[in-house]
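Participant: For the sequence shown, the numbering used here begins at 17 and goes up steadily by one. C-beta: ideal position from N, C-alpha, C; glycine also. I'd like to ask some things about the structure below.
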Amino acid sequence: MLYRLTLYLIALFAQLSAVSADPVTAIALHGTPKEAPGFTHFSYVDPQAPKGGRLTLGAYGSFDSVNPLIIKGTPVTGVRDFTIESLMARGLDEPFTLYGLIAETIDVASDGSSVTFHLNPKAQFSDGHPITADDVIFSLELLRDKGRPNHRTYFSKVAKSERLSDHDVRFTLDAAGDREIPLIIGLMPVLPKHATNPYSFEETSLTAPVGSGPYRIGKIDAGRSLTYVRDPNYWGRDLPVNRGRFNFDEIRFDYYREGSAMFDAFKTGQIDLWPEEDPRRWANGYDFPAIRDGRAVKREFDIGIPAGMTALVFNTRRPVFADPRVREALIYLFDFEWINRTLFAGLYRRTESYFERSILASPGHPADARERQLLAPFPDAVKPAIMEGTYRFPTTDGSGRSRENQEHAFKLLQEAGYELKRGRLVQKDTGRPLEFEILAVSTAQSALLLSFGRDVERLGISVDVRVVDSSQYQQRLTNYDYDMIQNTWSSSLSPGNEQLFRWSAQSTKVPGTYNFAGVESAAVDAMIEAMLAAKSEQDFVSAVRALDRTLLSGDYVIPLFYIPKQWVAFWTRLHHPEKTPLFGYNVDSWWATDKK
């Protein structure tokens, strides 16, 4: 009897140790939160910023839905930013730290097996209904079953949901080694159970959702514009994470079919702010009256997060790009130096890593002992030069013709089974020509894509650049119906579960993921798993660099370029805080000095 009692007490103590930890108001994935308990506002906002006025922003394309949480449709911009809140708020001056919002505290078990949230009793939806544990559980289960693939992936790791009280909810995890999942749940959008129909949730709709955020959706002009109206009764307006933020009475998004038309709207004051991504226009396109007389200005903002990967993406699901030698050959045919000089005023920098502009990037760093240990089971997954950190993408003299690169590309294509016949590259066995289509959504992409196409066609390869409207483009992306696209995968200093959504073998055949390249690699999957399980900062950096090396070695993309800083032009009726956070400028901390 005593022996059994002892075993029972040991088991009980182990269970309590696993679930008990001190609830905290903030949590960092690595290290400690920057803001101390009891802080009054983030350091990158002005808590005295005046309220009022309207902010008008431009958006490209169109929309047919106000639900950004499902695959179907093209959602409007801003719903998650202004209307539907998360359990916790992200600090923008830290890699990955969350602070209390709907949830006052978070309590992660010492072994990572569960996470418990205590909800703020004052939290309520815009219709006055209080936010309870039932709403949180409902949201997780709905998004797990019917949400976007990333939500399905994340929330399927929850083995059990428990309502402990009206304001307390616990999630037991089936992936205790994944240190990021508790924080991912902390960023989960919270939906009202009483005002959300689970049966029609997956259908597109222009019915304004009920949220708990600082704004409600006001006027909707289908496909053309949408206005958010600040809620004067917003329950969280005085929380530390919200002071100095959400200062405009209205935020309006106007939609434009063409980028040039949208820029013209900015020049005439119809749009208040313009984030610039075209170096040529940044250098030469701002000689207009409002800039000359000071009513509008250009500013460069520092940004501390990785630049990510902007690239031409090979869809390796397609036979034309199934052979890595074909992909490597096309990488050699991309003349970055000529394109940057002639099209972009030489202001771009070449992207060399999926985590460019950060300590997480592998180029220039030989693999350390931990990386080599992780990669040892996959001896062919990383090219030797990439393992040593010495690899660089092919360069040219910028003249527009590089015979050396063309000869190397032609040799690779010959090894892949192609030969030149009557000026065209064809497969020796089948006689099928080497040809592909580049799918684009904007004519602004055309100069880059056509320049690349001309270089490729010199080697007898046929390239068709096809521009389609935004709805068709989104549909084809969802179903991976393309040969090549241009895409940007943004990045942070704390990459995590979103990497599964981008690169895992599991995501290759699931519609609607961001695995646009069709990556299906055991080595990539293993590096993501190691990254998610890393407990120390050094192990984390090593795992991310190892992931970077496997992706670079797969030749899944033709890396393009990045802007060294954030370029923004805006009308001087707008003002911003003096400090720019790690994540760059953020309009929800800006304000206006007139009542436009």
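With the cut-off set at 8 angstroms, would you say Ile-355 and Leu-568 are in Cβ contact?
Facilitator: The residue labelled residue 355 in the question sits at position 339 within the sequence shown. The residue labelled residue 568 in the question sits at position 552 within the sequence shown. Taking 8 angstroms as the Cβ cut-off, Ile-355 and Leu-568 do not qualify as a contacting pair.
Participant: At 3 residues or longer, and completely inside the region 74-162: list those beta strand (DSSP E) runs for me, N to C.
Facilitator: List check, beta strand (DSSP E) in window: 104-106, 113-116, 119-124 and 130-135.
Participant: Using the C-alpha atoms, what's the distance from Glu-372 back to Gly-380?
Facilitator: Within the sequence shown, numbered from 1, the residue matching residue 380 stands at position 364. Within the sequence shown, numbered from 1, the residue matching residue 372 stands at position 356. Cα to Cα, Gly-380 sits roughly 11 angstroms from Glu-372.
Participant: Pick helix, strand or coil for His-167, following the three-state DSSP scheme.
Facilitator: Counting from one through the sequence shown, the residue named residue 167 turns up at place 151. DSSP places His-167 in helix when its eight states are reduced to three.
Participant: Whole angstroms are fine: how far does the CA of Trp-505 sit from the CA of Gln-515?
Facilitator: As a working mapping, residue 515 is identified with position 499 in the sequence shown. As a working mapping, residue 505 is identified with position 489 in the sequence shown. For Gln-515 and Trp-505, the distance between alpha carbons rounds to 10 angstroms.
Participant: Is DSSP giving Ile-402 helix, strand or coil here?
Facilitator: In the sequence shown, the residue the question calls residue 402 occupies position 386. Note: Ile-402 maps to helix in three-state DSSP.
Participant: Per DSSP, Met-500 is paired with what?
Facilitator: Your numbering for residue 500 matches position 484 in the sequence shown. Note: Met-500 sits in a beta bridge opposite Phe-330 and Ile-454.
Participant: Let me know the alpha helix (DSSP H) ranges lying completely inside the region 269-349, each 4 residues or longer, listed in chain order.
Facilitator: Runs found: 275-283, 295-300, 305-308 and 340-348.
Participant: Where does the unbroken beta strand (DSSP E) through Arg-232 begin, and where does it stop?
Facilitator: Residue 232 sits at position 216 when you count from the first residue of the sequence shown. Here the beta strand (DSSP E) through Arg-232 covers 231-237.
Participant: Which term fits Tyr-348, buried or exposed, when burial requires 16 or more other beta carbons within 10 angstroms of its beta carbon?
Facilitator: Working through the sequence shown from its first residue, we reach residue 348 at position 332. That one is buried.
Participant: Considering only the beta carbon of each residue, do Pro-198 and Asp-151 sit closer than 8 angstroms?
Facilitator: Along the sequence shown, one-based indexing puts residue 198 at 182. Along the sequence shown, one-based indexing puts residue 151 at 135. Taking 8 angstroms as the Cβ cut-off, Pro-198 and Asp-151 do not qualify as a contacting pair.
Participant: Given Thr-188, which residues of its chain have a CB within under 6 angstroms of its CB, disregarding the five upstream and five downstream residues?
Facilitator: Residue numbering aside, residue 188 sits at position 172 when the sequence shown is read from its first letter. These residues qualify, in order along the chain: Ser-130, Ala-175 and Lys-176.
Participant: Do Asp-499 and Val-336 have their C-beta atoms closer together than 8 angstroms?
Facilitator: Reading the sequence shown from its first residue, position 483 is the one you call residue 499. Reading the sequence shown from its first residue, position 320 is the one you call residue 336. Yes, these two residues count as a Cβ contact at 8 angstroms.
Participant: Where DSSP assigns a beta bridge to Val-185, which residues make up the other side?
Facilitator: Counting from one through the sequence shown, the residue named residue 185 turns up at place 169. DSSP lists Phe-133 and Arg-179 as partners of Val-185.
Participant: Are the beta-carbon atoms of Pro-111 and Ser-369 separated by less than 8 angstroms?
Facilitator: Walking along the sequence shown from the start, residue 111 turns up at place 95. Walking along the sequence shown from the start, residue 369 turns up at place 353. No, these two residues do not count as a Cβ contact at 8 angstroms.
Participant: What's the gap between the Cα of Thr-243 and the Cα of Arg-438?
Facilitator: Translated into positions along the sequence shown, residue 243 becomes position 227. Translated into positions along the sequence shown, residue 438 becomes position 422. Their backbone Cα atoms lie some 58 angstroms apart in a straight line.
Participant: Can you tell me which residues form a DSSP beta bridge with Thr-72?
Facilitator: Taking the sequence shown and counting its residues from 1, the one referred to as residue 72 is at position 56. Thr-72 pairs with Arg-268.
Participant: When the distance is taken between beta carbons, is Val-40 closer than 8 angstroms to Ile-122?
Facilitator: For the purposes of this step, residue 122 is taken as residue 106 along the sequence shown, with counting starting at 1. For the purposes of this step, residue 40 is taken as residue 24 along the sequence shown, with counting starting at 1. Yes, these two residues count as a Cβ contact at 8 angstroms.
Participant: Expressed to the nearest angstrom, what Euclidean distance is found between the alpha-carbon atoms of Asp-288 and Glu-266?
Facilitator: Taking the sequence shown and counting its residues from 1, the one referred to as residue 288 is at position 272. Taking the sequence shown and counting its residues from 1, the one referred to as residue 266 is at position 250. Taking the straight line from one Cα to the other gives about 13 angstroms.
Participant: Would the beta-carbon of Gly-13 fall within 8 angstroms of that of Ile-86?
Facilitator: A question about residue 13 goes unanswered here, because the residues of the chain that appear run from 17 up to 612.
Participant: When DSSP builds the beta bridges, which residues end up paired with Glu-196?
Facilitator: Position 180 of the sequence shown, counted from the start, is the residue given in the question as residue 196. DSSP, once it has assigned bridges, lists no residue as partnering Glu-196.
Participant: Determine the closest residue to Thr-367 out of Glu-431, Tyr-434 and Asn-503, with distance taken between C-alpha atoms.
Facilitator: Position 351 of the sequence shown, counted from the first residue, corresponds to residue 367. For the residues Glu-431, Tyr-434 and Asn-503, the minimum Cα distance to Thr-367 belongs to Asn-503.
Participant: Does DSSP classify Tyr-530 as helix, strand or coil?
Facilitator: Taking the first residue of the sequence shown as 1, we reach residue 530 at position 514. DSSP places Tyr-530 in coil when its eight states are reduced to three.
Participant: Report yes if the C-beta distance between Leu-117 and Glu-101 is below 8 angstroms; otherwise report no.
Facilitator: For the purposes of this step, residue 117 is taken as residue 101 along the sequence shown, with counting starting at 1. For the purposes of this step, residue 101 is taken as residue 85 along the sequence shown, with counting starting at 1. Yes, they are a contact pair.
Participant: How would you label Gln-140, buried or exposed, when you count the other beta carbons within 10 angstroms and need 16 or more for buried?
Facilitator: Taking the sequence shown and counting its residues from 1, the one referred to as residue 140 is at position 124. Burial call: buried.
Participant: With a threshold of 16 other CB atoms inside 10 Å of the CB of Arg-343, please say whether the residue is buried or exposed.
Facilitator: The residue labelled residue 343 in the question sits at position 327 within the sequence shown. By the neighbour-count rule (16 or more Cβ atoms within 10 Å), Arg-343 is buried.
Participant: Determine contact between the region 77-92 and the region 210-227, defined as no fewer than three beta-carbon pairs at a distance below 8 angstroms.
Facilitator: Verdict: yes, contact present.
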